[in-house]
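A short worksheet on the structure shown next.
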Amino acid sequence: MSFQDKYKEYKERQEAKKYFRSNNDQFLNSTQWSKVIGLGLLTAIASGVVLGIVIHSLHITSSLFYIICALVVAGAVTKISQIHSSQMAILSVILTVICYVVGEMTMIYLPLHEAGMGMQFISLLDIFTLSVRSLFVGDLFTTVVAVIGLFIAYASAK
95 MSFQDKYKEY KERQEAKKYF RSNNDQFLNS TQWSKVIGLG LLTAIASGVV
145 LGIVIHSLHI TSSLFYIICA LVVAGAVTKI SQIHSSQMAI LSVILTVICY
195 VVGEMTMIYL PLHEAGMGMQ FISLLDIFTL SVRSLFVGDL FTTVVAVIGL
245 FIAYASAK
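Be aware that the sequence shown starts at 95, since it is given in my numbering, and climbs by one per residue.
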């Protein structure tokens, strides 16, 4: 076999492997799943903190911010796993919800911190329940945009 034949065979194997990995979500083992979940969670938390800081600083709630966060989280999950599948899409939706809740928690905490109250007057659990309540029950526009962002996260990771 010549070098070109070996190279062509190598490229065909790589292409077959890429096709298999993109169409088989069971390919990930437990260490890869933990890596995807861990790094995806870090991305979701970081995106949520940035979302909260930006919305608090600008004093506006823009639908664009929620959609960008959904795309960032879904993009990170698919980039880390290198797989587009329904399982990655569900994981992206879960992590996007975490991102939104962390963003709401940041928006609740920042005014308290600016007023000099800090965490001695309110617990983390109280901030969590307030953020979930304000995300899904508070403003109808925010709820609709958050749900649209979840659909976008699902679609971009599938």
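Glycine residues also receive a C-beta, built at the ideal position from the N, C-alpha and C atoms.
Three-state secondary structure assigned by DSSP to residue i
{"i": "Gly210", "result": "coil"}
{"i": "His153", "result": "coil"}
{"i": "Lys252", "result": "coil"}
{"i": "Ser141", "result": "helix"}
{"i": "Ser96", "result": "coil"}
Per-residue burial, residue i [other beta carbons within 10 Å of its own, 16 or more giving buried]
{"i": "Val166", "result": "buried"}
{"i": "Thr125", "result": "exposed"}
{"i": "Ala170", "result": "buried"}
{"i": "Val241", "result": "exposed"}
{"i": "Phe159", "result": "buried"}
{"i": "Leu145", "result": "buried"}
{"i": "Tyr101", "result": "exposed"}
{"i": "Val195", "result": "buried"}
> Where in the region 171 to 248 do unbroken runs of the alpha helix (DSSP H), each at least 4 residues long, occur, reported from the N-terminal end onward?
Replying inline: As far as the region 171 to 248 is concerned, its whole alpha helix (DSSP H) runs of at least 4 residues are 180 to 208, 218 to 227.
> Would you call the region 163 to 181 and the region 123 to 133 touching, i.e. three or more CB-CB distances under 8 Å?
Replying inline: In this structure the region 163 to 181 touches the region 123 to 133; the number of beta carbon pairs closer than 8 Å is three or more.
> If we count Cβ pairs, one from each stretch, closer than 8 Å, do we get three or more for the region 208 to 215 versus the region 152 to 159?
Replying inline: no
>> Closer than 8 Å is the cut-off here; do at least three beta carbon pairs connect the region 199 to 207 with the region 215 to 224?
In response: yes
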